[in-house]
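Report on the following structure.
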Amino acid sequence: MTLTAPPLSTLSTTTAISLRGVSKAFGHGGNAVVALDSISLDVARGEFVCLVGASGCGKSTSLNLIAGLDRPTVGEVTVQGRTALMFQEAALFPWLTVRDNVALPMRLAGKGKAERSRRAEELLESVHLGGQGGRRPHELSGGMRQRAALARALAQDVEILLMDEPFGALDAMTRDLLHDELEQVWSSTGVTIVFVTHNVREAARLSDRIVLLTSLPGKVADEFPVTIERPRRIDSPEVMGLAAAVTDRLRAEVRRHSDEPHGD
Amino acid sequence: MATDLQKGGIADTKLAEEIAGLDALEAHLGTHPSRARQIWSAVWPKLAAIAIALFIWQAVVWSGWKDDYVLPGPDKVLPALVDLLGTGKFWTAVSITMRRAVTGYALALVIGSVIGLAVARVRLLRSAVGSLITGLQTMPSIAWFPLAILLFGLTERAIMFVVILGAAPSIANGLIAGVDHVPPLMVRAGRMIGAKGIGLYRHVILPASLPTYVAGLKQGWAFAWRSLMAGELLVIVANRPSIGDQLQFAREFSRSAQMLALMIVILVIGIVVDTIFGRADVTIRRRWGLIDPST
Chain A
1 MTLTAPPLST LSTTTAISLR GVSKAFGHGG NAVVALDSIS LDVARGEFVC
51 LVGASGCGKS TSLNLIAGLD RPTVGEVTVQ GRTALMFQEA ALFPWLTVRD
101 NVALPMRLAG KGKAERSRRA EELLESVHLG GQGGRRPHEL SGGMRQRAAL
151 ARALAQDVEI LLMDEPFGAL DAMTRDLLHD ELEQVWSSTG VTIVFVTHNV
201 REAARLSDRI VLLTSLPGKV ADEFPVTIER PRRIDSPEVM GLAAAVTDRL
251 RAEVRRHSDE PHGD
Chain B
1001 MATDLQKGGI ADTKLAEEIA GLDALEAHLG THPSRARQIW SAVWPKLAAI
1051 AIALFIWQAV VWSGWKDDYV LPGPDKVLPA LVDLLGTGKF WTAVSITMRR
1101 AVTGYALALV IGSVIGLAVA RVRLLRSAVG SLITGLQTMP SIAWFPLAIL
1151 LFGLTERAIM FVVILGAAPS IANGLIAGVD HVPPLMVRAG RMIGAKGIGL
1201 YRHVILPASL PTYVAGLKQG WAFAWRSLMA GELLVIVANR PSIGDQLQFA
1251 REFSRSAQML ALMIVILVIG IVVDTIFGRA DVTIRRRWGL IDPST
């Protein structure tokens, strides 16, 4: 795996992430489970890509590979820029205030105290948590925690934001607002986002491109460019129409597994 | 990356308002009862328990089970306690005992924490001495005294030796258990924001293990205090009055009221220190949101 700068001939300067024939198997020999099977995917700098698929499509595995938390069995992962990963759980540290949580990545990066607190406040403002920095994570609602986690991720001066079903545990209303929020952060920072979700409408609402993955093994089944004009609403006819098309494709994919014996 | 995250526009203002509205609806704003009420609700059950205990004690004395000079009632012991509090020797004894307790406990804290951290981090050390530490924890500390007296004679060092051996294993075990029970998600999140090596321990693993560590510290204190009392009864150092040796002398001179008064002092000191640890524990859990604010 290569995480250093690749030769310019193979990668254009506008590409943030490039997966070339990437396969990932867990386990050995006959028991090996192939999570990803020769996936090739390019994500442009500043692009918002959603990975969609049913269970076992290797969505999270892909993110781990891009984040450098895992290595591919075969193939090459090239990432240009600093990545941050967000999970379904905010995973804020309960022993720190919200502000200190956001400031911690900067502290670990060796930045000065004045800069840390100034920047932390700025980031909290940007996710509409201005003035809440002194509170403890448990005093926040689920949506507020995810926004704090987003601010913490942005505090690393990331160029690539990897999000693993970050809004999966939130209620619909909070999720809608967080979509607006994330879109705003994305457009103002120019960060590249790879967003994993099983919610097809969410993908159509947010992304520039939906990548549909098959399950067991995970392969790229289809790609849907999303050209709907922003700002979008999750309940607009265009978004819902596209979501329906993606869902049909996804269901066809799931049906292929119906005649398989159940795995052990 | 652009630092200008704020963009103007009506849509943004609307979004900000909607988010603020939802936050206000959802955030858990615990209301705290007044301080006086909190203290009173914590204190009155204790006062009631003390009153009941004193009454039972007095009832046993009234029953005539033992002669009054062997088992005096609260009516004799409480005045004896007041007399005791008025003597300079008593306060010298308390200060010497407390100095031993603090010194011994501080040394146990350092030794226990260093050993605990080493065992938690190094797999080989854990398989070598992990169960030994638990074994030491269960060993009654008074069993160390014959060896301590052989090694150090009837000295302060003999007492210190046993106090440290009594407290350090609990402290080490608290830290080991704390590190073991750090949620993997916390470690993952820590790595993701750039913590590694010592930084990961300093900023993620050690803070995350704090509640269990404090439980170990509290247990360590209980063992230190018991070891110290046992030590002061056995190891009487000349011209160094202590609570333990005063207790021993009270028995030898058959001053049972004074003896019981000293026992009350030992109990009270134990409770006061335990309360300090209890408060630390509650403070941590409240900050972490592990306490239901309505309770």
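The listed protein sequences derive, respectively, from chains A and B. If you count by the numbering used here, then the first sequence holds residues 1 to 264, one letter each, in order. If you count by the numbering used here, then the second sequence holds residues 1001 to 1295, one letter each, in order. For every residue, glycine included, the Cβ atom is placed at its ideal position computed from N, Cα and C.
Run the CB neighbour count on residue i, radius 10 Å, all protein chains shown included, and call it buried at 16 or more, exposed below.
i	result
N1239 (chain B)	exposed
M1192 (chain B)	buried
R251 (chain A)	exposed
T97 (chain A)	buried
H341 (chain A)	There is no way to answer for residue 341 (chain A), as the model of chain A reaches only from 1 to 264.
Q1038 (chain B)	exposed
F195 (chain A)	buried
H1181 (chain B)	exposed
K1196 (chain B)	exposed
A1066 (chain B)	The amino acid occupying residue 1066 (chain B) in the given sequence is Lys; Ala does not appear at that position. Looking at its Cβ environment, which holds fewer than 16 other Cβ atoms inside 10 Å, K1066 (chain B) is exposed.
V1268 (chain B)	exposed
K1218 (chain B)	buried
L1139 (chain B)	It is worth fixing the name first, because residue 1139 (chain B) is Met in this sequence and not Leu. M1139 (chain B) is exposed by the Cβ-count criterion.
G1135 (chain B)	exposed
L162 (chain A)	buried
I1276 (chain B)	exposed
V1235 (chain B)	buried
G133 (chain A)	buried
I1205 (chain B)	buried
K1089 (chain B)	exposed
H28 (chain A)	exposed
N101 (chain A)	buried
Taking residue i as the reference, give the member of the options with the closest Cα.
i	options	result
M1098 (chain B)	B:A1261, B:W1221, B:F1253	B:W1221
I228 (chain A)	A:I210, A:V196, A:L216	A:I210
R233 (chain A)	A:M173, A:L69, A:T197, A:T78	A:M173
I1133 (chain B)	B:G1021, B:L1150, B:I1164, B:G1197	B:I1164
A103 (chain A)	A:L150, A:E89, A:S62	A:L150
R1285 (chain B)	B:A1118, B:T1212, B:V1272	B:T1212
R45 (chain A)	A:I17, A:D157, A:E125, A:D235	A:I17
A1172 (chain B)	B:F1249, B:G1073, B:I1276, B:L1107	B:L1107
I1142 (chain B)	B:V1237, B:A1128, B:R1279, B:M1160	B:M1160
V1214 (chain B)	B:G1178, B:V1204, B:L1185	B:G1178
Y982 (chain B)	B:R1121, B:S1242, B:I1266	The structure shown does not extend to residue 982 (chain B), since chain B is modelled only from 1001 through 1295, so no value can be given for it.
R99 (chain A)	A:G241, A:L154, A:M86, A:A148	A:A148
V77 (chain A)	A:V52, A:L19, A:G142	A:L19
A1224 (chain B)	B:G1064, B:A1042, B:A1093, B:G1112	B:G1112
L225 (chain A)	A:A203, A:S215, A:P237, A:G218	According to the sequence displayed, residue 225 (chain A) carries Pro and not Leu. Ranking the options by Cα distance to P225 (chain A), first place goes to A:A203.
L1015 (chain B)	A:Q156, A:A54, A:A153, A:E125	A:E125
L1175 (chain B)	B:L1154, B:R1126, B:L1147, B:E1156	B:R1126
G110 (chain A)	B:G1199, B:W1091, B:D1012	B:G1199
A1167 (chain B)	B:V1237, B:L1117, B:R1226	B:R1226
D171 (chain A)	A:A120, A:M144, A:E159, A:D70	A:M144
S258 (chain A)	A:S215, A:V246, A:D157, A:A221	A:S215
For residue i, which of helix, strand or coil comes out of DSSP?
i	result
G75 (chain A)	strand
T1013 (chain B)	helix
I39 (chain A)	strand
M266 (chain A)	Past the edges of chain A, shown from 1 to 264, lies residue 266 (chain A), and the structure says nothing about it.
I15 (chain A)	In the sequence under discussion, the amino acid at residue 15 (chain A) is Thr, which differs from the Ile named in the question. The answer is strand: DSSP assigns T15 (chain A) an E or B state.
S1063 (chain B)	coil
I210 (chain A)	strand
V254 (chain A)	helix
L108 (chain A)	helix
S126 (chain A)	helix
V1043 (chain B)	helix
G1289 (chain B)	coil
T97 (chain A)	coil
I228 (chain A)	coil
A91 (chain A)	coil
L51 (chain A)	strand
Chain-ordered residues of the stretch 144-161 of chain A with a beta carbon less than 9 Å from chain B: Flagged, chain order: M144, R147, A149, R152, A153, L154, A155, Q156, D157, V158, E159.
Selection of the stretch 161-175 of chain A by Cβ proximity to chain B, strictly under 8 Å: Taking a C-beta cut-off of 8 Å against chain B, the contacting residues of the stretch 161-175 of chain A are M173, T174, listed in chain order.
Alpha helix (DSSP H) runs wholly inside the stretch 1149-1216 of chain B, at least 4 long, in chain order: Whole alpha helix (DSSP H) segments, 4+ residues: 1156-1180, 1184-1192.
Ranges of the beta strand (DSSP E) found wholly within the stretch 141-172 of chain A, counting only runs of at least 3: Within the stretch 141-172 of chain A, the runs of beta strand (DSSP E) at least 3 residues long that lie entirely inside it are, in chain order, 160-164.
Runs of alpha helix (DSSP H) wholly within the stretch 1070-1116 of chain B (minimum 4 residues, chain order): Segments of the alpha helix (DSSP H) lying fully in the stretch 1070-1116 of chain B: 1074-1085.
Completely contained alpha helix (DSSP H) runs for the stretch 1231-1274 of chain B, where each covers 4 or more residues: DSSP runs (the alpha helix (DSSP H)) wholly in the stretch 1231-1274 of chain B: 1243-1252.
Residues from the stretch 1196-1214 of chain B in contact with chain A, defined by Cβ distance under 8 Å: Those residues of the stretch 1196-1214 of chain B that come within reach of chain A (Cβ to Cβ, closer than 8 Å) are G1199, H1203, V1204, P1207, A1208, L1210.
Selection of the stretch 1263-1288 of chain B by Cβ proximity to chain A, strictly under 7 Å: Within the stretch 1263-1288 of chain B, the qualifying residues are R1287, W1288.
Proximal residues, the stretch 1176-1193 of chain B versus chain A, C-beta separation under 9 Å: Per Cβ criterion, the list reads P1183, L1185, M1186, R1188, A1189, G1190, R1191, M1192, I1193.
Chain A contacts made by the stretch 1213-1241 of chain B, where a contact means CB separation under 7 Å: Listed in sequence order: no entries.
Interface positions of the stretch 25-56 of chain A facing chain B (Cβ-Cβ less than 8 Å), listed along the chain: If the cut-off is 8 Å between Cβ atoms, the stretch 25-56 of chain A has nothing near chain B.
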